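Chains as they are written, first to last, in our numbering: chain A, 11 to 322; chain B, 11 to 322; chain C, 11 to 322. The C-beta atom is built at its ideal place from N, Cα and C for all residues, glycine as well. The model shown is predicted, which means the values in this text are computed figures rather than measured ones.
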Amino acid sequence: MENFLSVHDAASVHDLIGLAAKIKAAPLDYDKTGQHKTLINLFFNPSLRTRLSTEKAGVTLGFQVITMDMAGGWKLEFEDGVVMNLDRAEHVREAAGVLSQYCDVLAVRSFPELKDRDADYADRVINAFVKYATVPVVSLESAIRHPLQSLADCLTIREHRRSARPRVALTWAPHPRQLPQAVPNSFAEWMIHWGDVDLVIANPEGFDLAPEFTRGAEVVHDQAAALRGAEFVYAKNWSSYSDYGATADLPDWIVNEEKMALTDDAFFMHCLPVRRNVIVSDGVLNSDRSLVLQQANNRTWAAAAVLAALTD
Amino acid sequence: MENFLSVHDAASVHDLIGLAAKIKAAPLDYDKTGQHKTLINLFFNPSLRTRLSTEKAGVTLGFQVITMDMAGGWKLEFEDGVVMNLDRAEHVREAAGVLSQYCDVLAVRSFPELKDRDADYADRVINAFVKYATVPVVSLESAIRHPLQSLADCLTIREHRRSARPRVALTWAPHPRQLPQAVPNSFAEWMIHWGDVDLVIANPEGFDLAPEFTRGAEVVHDQAAALRGAEFVYAKNWSSYSDYGATADLPDWIVNEEKMALTDDAFFMHCLPVRRNVIVSDGVLNSDRSLVLQQANNRTWAAAAVLAALTD
Amino acid sequence: MENFLSVHDAASVHDLIGLAAKIKAAPLDYDKTGQHKTLINLFFNPSLRTRLSTEKAGVTLGFQVITMDMAGGWKLEFEDGVVMNLDRAEHVREAAGVLSQYCDVLAVRSFPELKDRDADYADRVINAFVKYATVPVVSLESAIRHPLQSLADCLTIREHRRSARPRVALTWAPHPRQLPQAVPNSFAEWMIHWGDVDLVIANPEGFDLAPEFTRGAEVVHDQAAALRGAEFVYAKNWSSYSDYGATADLPDWIVNEEKMALTDDAFFMHCLPVRRNVIVSDGVLNSDRSLVLQQANNRTWAAAAVLAALTD
């Protein structure tokens, strides 16, 4: 694996999930993997789970881990050929080149602005780091994908599935703020490429994800229809792709006990942070069907598998 | 020891002080204590000494240490049952549950707001972490206590006492800002439960600490009376408990050379940061009776003892 | 070496460059240098390269490294004898004393304010830490010097020189903001004390550096004259020393291909971050004569040599 930006970077999704499971089962067997190697985590946006789980993965494998919050530093220039006499103090070409001198793996988080769809979907920041870095680049969530979350989700589903090919329902859910499509985009493409599940996506009209991510899945606008028979319910809010960045006030899309009763005794999943009683009811989240903590735990093992695969 | 929030968590105050002294004397003997274990430090408020001494303690014991500044991240919800559609992005139930997946000890700092006494004295933040975390929780100073400081103070007094049962005077001192009662509350309850000293507390009328912390100590409103015969003078400002959060402009309560002359050649103590020539005169702080640097040094060994006791 | 603030702290510039080269060639031979030792990096101003390269140097040598961003904390008082009843919560005397308890080497970055020349050139912050710390102090760039950058630059020149005594041209270059003189001051004094190069400095009239740093070098106001025959071109903007803090809008001082054609096929150097097409043209920076990434890489080995020399 050269970089880790999307499911397409994994030679085999099955093998990568398997590696995550193996490291989780015996982390001490892998504590020399990162010996004399350095991981730099670069955050252009805030993070709790991603930062901590990636740091934990790094130190578990024996990496030296350095985390850098770019919000406190200067702004980077991403355009080529410009006269840099405004507020951007350094070009990504130098920044990525320099950072590559100090580490063996460079992990980057950068969110979309949700204003210009073409700009966001060009995924400029992470791609600029890939272009100019001379070490492997890992996405800690880019403008349009969150692959470490999706890999952790695959592992979580593998650990809890009761049938060989479970029905997984990804459902849009309400949220007071405008959110990216990165998590659902990524979840959809991982489920589809993994191939071990049947994915159905439910969202309000006008909230269909970009077809490049959902091709191969069933997309419906009837939440109940999607939930019926599901073994896993994955809730997430996202803003509109077609009417780019638009939000909707649809409180009825909350996942509550009544909705879960439609499923095949499904597990509930969410990437966190989650708005209680907005996205999902207290009753569902506090029940023994909730896998949100297991998902968060698996973030560590997903990151560990990726770090191991990149430095093998 | 299950958690470390107050003196009541220590099975034996003597033994915990003794353990701190032992680690201080031979830190390399303890460098495997935290092997393959992770300590997460979570700061909702700024810190210099507490952060650095706790990190130093962690790495000295062989822990992997991850420090997280929560001021840069999102706000947590601490109320149960609310519809989270405002500015709080994550409930402490998830945050504490998730963080517990990434570490073996979770240390938390959270200050009071000094507006609503009942809310502050419920010590909601640290108690919510205790309720929802599945690993031991350490207070890095909560709304009403600062136990690591107090344990370091016990060790410092043990190292410098000249009599078997020294007189220790805790005195209120002036300060331009409104400060919590956490340090004096905690100091009082540790001195009293330790039982090796005679504690007298001097403060202006209206500044008596909460009785639950000072029961067993002498409380006077005459600073000179308290200082007379003292072997240790511990200065600290705090805002009022009875007229909650009120401050007072009483520059005469400064600890200066004249005041120290009343004592039994006492040592001067303060938890730092200290306002020179407001709390204490340059002359006292620069003299060889000042123990403020020794106290700061002992913060490391107090934290080390707590980490060792929690992961034993 | 007791501290590392300027070239004057190095017993031998040659030996220190040599040590950096040796560690770079075989870093694993030095991985016990910092064993059971702690390095604290204290940043009063933002940093990318300096922070990461110093952290990397520290962990490579086996140090425990703790980095602290002081912008998020309280303000320090640097004046002696003041009544601290305003916004400064802690005196550097306590801060430096306390930090010395937690580490074996204390590294500090603090920029000038560029308002009061005497205040800046007294280099008050770093000197206060030297005065009150009880461990070696390393400058991570002070108000008037950036010695780790200069040491890295010496190593870079040593690695790439074609003649025994190359001509090195330090040239002022345009920049939209007001910048310190720390980098050129330091570069000049290191080149001069090293003694292995002929240094010529070109800058607009009114931009001569302080004579204490440039004595022994040729100073000219004709950029072309300086570049002619140069084997290394070191570009940097700085604000005026004589008309303190003044800037100048002189776009013609850019280093571009035409200017480089005047040189003896020179290498281009800059400490980064660099404004493309303001300081230097894309063509020069993208060419194989650019050493900016090599300089950044050598920051690690310069810091490693200093840490090794200080804790020997």
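Mark residue i as exposed unless 16 or more other C-beta atoms lie within 10 angstroms of its C-beta, in which case mark it buried.
i: Ser252/B; result: exposed
i: Arg324/B; result: Lying before the first or after the last residue shown, residue 324/B is absent from chain B, which here runs from 11 to 322.
i: Glu215/A; result: exposed
i: Ser110/A; result: buried
i: Gln45/A; result: exposed
i: Ser173/A; result: exposed
i: Leu38/A; result: exposed
i: Pro190/B; result: buried
i: Ala35/C; result: exposed
i: Lys66/C; result: buried
i: Glu267/C; result: exposed
i: Thr77/C; result: buried
i: Pro194/B; result: buried
Put residue i into one of helix, strand or coil per three-state DSSP.
i: Glu151/A; result: coil
i: Ser297/A; result: coil
i: Val145/A; result: coil
i: Val207/A; result: coil
i: Arg127/A; result: helix
i: Ala305/B; result: In the sequence as presented, Ala is not what sits at residue 305/B; that position holds Gln. Reduced to three states, the DSSP call for Gln305/B is helix.
i: Thr321/B; result: coil
i: Thr48/C; result: strand
i: Arg103/C; result: helix
i: Gln74/C; result: strand
i: Val93/C; result: coil
i: Val288/B; result: coil
i: Leu260/B; result: coil
i: Gly1/B; result: In the structure as shown, chain B starts at 11 and stops at 322, and residue 1/B therefore has no counterpart that could be examined.
Between the beta-carbon of residue i and the beta-carbon of residue j, is there less than 7 Å?
i: Arg285/C; j: Ala162/C; result: no
i: Leu237/A; j: Thr273/A; result: yes
i: Met11/B; j: Leu282/B; result: no
i: Pro157/B; j: Ser196/B; result: yes
i: Pro184/C; j: Leu96/C; result: no
i: Phe223/A; j: Ala198/A; result: yes
i: Ala276/B; j: Ala235/B; result: no
i: Gly68/A; j: Leu58/C; result: no
i: Leu116/A; j: Val102/A; result: no
i: Met279/A; j: Gln305/A; result: yes
i: Ala227/B; j: Leu209/B; result: yes
i: Ser63/A; j: Ala313/A; result: yes
i: Leu52/A; j: Val135/A; result: no
i: Leu26/A; j: Thr43/A; result: no
i: Gly107/A; j: Leu301/C; result: no
State the CB to CB distance for the pair residue i and residue j, rounded to an integer number of angstroms; the pair is presumed to be in contact (CB under 8 Å).
i: Asp133/C; j: Ser160/C; result: Rounded, the Cβ-Cβ distance is 15 Å, inconsistent with contact.
i: Ala179/B; j: Val243/B; result: 5 Å
i: Ile33/B; j: Ala212/B; result: 34 Å between Cβ atoms; not a contact.
i: Leu124/C; j: Gln74/C; result: About 35 Å separates the two Cβ atoms, so there is no contact after all.
i: Ile202/C; j: Ala245/C; result: The Cβ separation is near 19 Å, so there is no contact.
i: Pro146/C; j: Asn13/C; result: 5 Å
i: Thr60/C; j: Cys113/C; result: The pair is not a contact, with the Cβ atoms about 17 Å apart (cut-off 8 Å).
i: Trp204/A; j: Ala30/A; result: Rounded, the Cβ-Cβ distance is 13 Å, inconsistent with contact.
i: Val93/C; j: Asn287/B; result: 4 Å
i: Thr166/B; j: Val265/B; result: Thr166/B to Val265/B, Cβ: 17 Å. No contact.
What are the residues that DSSP puts in a beta bridge with residue i?
i: Gly181/B; result: Here the sequence assigns Thr to residue 181/B, which means Gly is not the residue at that position. Answer is Ala212/B, Ala245/B.
i: Asp79/A; result: Phe53/A
i: Glu222/A; result: Glu222/A is not bridged to any residue.
i: Met11/C; result: None; Met11/C has no bridge partner.
i: Phe278/C; result: Val243/C, Ser300/C
i: Lys85/A; result: Arg98/A
i: Glu199/A; result: None, per the DSSP bridge assignment.
i: Ala117/A; result: Asn51/A, Val148/A
i: Glu268/B; result: According to DSSP, which records beta bridges pairwise, Glu268/B is partnered with nothing at all.
i: Glu169/B; result: BP columns for Glu169/B are empty, so no partner.
i: Glu228/B; result: Val210/B
With a threshold of 7 Å between beta-carbons, can residue i be considered close to chain D, or not?
i: Lys66/C; result: Absent from the structure is chain D; the protein chains it does hold are A, B and C.
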